[in-house]
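Q: Shown below is the structure under consideration.
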Amino acid sequence: MRTVEFRRLLDDENALRVRFGLESGQVVEFVVQLECIFENRWVAVIRYDTAHGFAHCDRLHPYEPTLKTRIETRNYNEALTVALNDLGTHWQDYRNRYERWLNQR
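In terms of the working numbering, the sequence shown opens at residue 316 and continues consecutively.
So, in structure tokens, the structure goes:
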């Protein structure tokens, strides 16, 4: 399996961490995670991955259990594209939501 891994800075306090494995040109596993700086440390805010044997999105909350939602796609190639598009487009919304949750305590 060939592994591709990179970090894409969105600005000084936000980044996408991306890792995926390829076999014969097909994605066989992946992780796409939005990481944001809060109180001088990087925090995972939302993650798409294929852990547990299926593509899903983990909406991470600082004080509550993680909400896991299955991604209904034909294959992992398509699911990876969905993940990259969603986080690339909506990362500011996800950051703002997480920040609101942090401020609830």
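Idealized CB from N, CA, C, for every residue including glycine.
Here the structure is a predicted model, which is why all the values come from computation and not from measurement.
State yes or no: is the C-beta of HIS371 within less than 8 angstroms of the C-beta of THR384?
A: Residue numbering aside, residue 371 sits at position 56 when the sequence shown is read from its first letter. Residue numbering aside, residue 384 sits at position 69 when the sequence shown is read from its first letter. Taking 8 angstroms as the Cβ cut-off, HIS371 and THR384 qualify as a contacting pair.
Q: Let me check one thing: in DSSP terms, what residues is ASN329 bridge-paired to?
A: For this step, residue 329 is matched to residue 14 along the sequence shown. Per DSSP, the beta-bridge partners of ASN329 are ASP326 and CYS351.
Q: Could you name the residues of the same chain whose beta carbon sits closer than 6 angstroms to that of TYR413, not counting the 5 residues immediately before and after it, in chain order?
A: Counting from 1 along the sequence shown, the entry for residue 413 is found at position 98. So the qualifying residues of the chain are VAL360.
Q: Please report the Cβ distance between VAL347 and VAL333, rounded to the nearest whole angstrom; I am assuming they are in contact, meaning their Cβ atoms lie under 8 angstroms.
A: By one-based count along the sequence shown, residue 347 stands at place 32. By one-based count along the sequence shown, residue 333 stands at place 18. With a Cβ gap of about 5 angstroms, VAL347 and VAL333 count as contacting.
Q: Residues bridged to VAL319 by DSSP?
A: Here residue 319 corresponds to residue number 4 of the sequence shown, with the count starting at 1. Its beta-bridge partners are PHE335.
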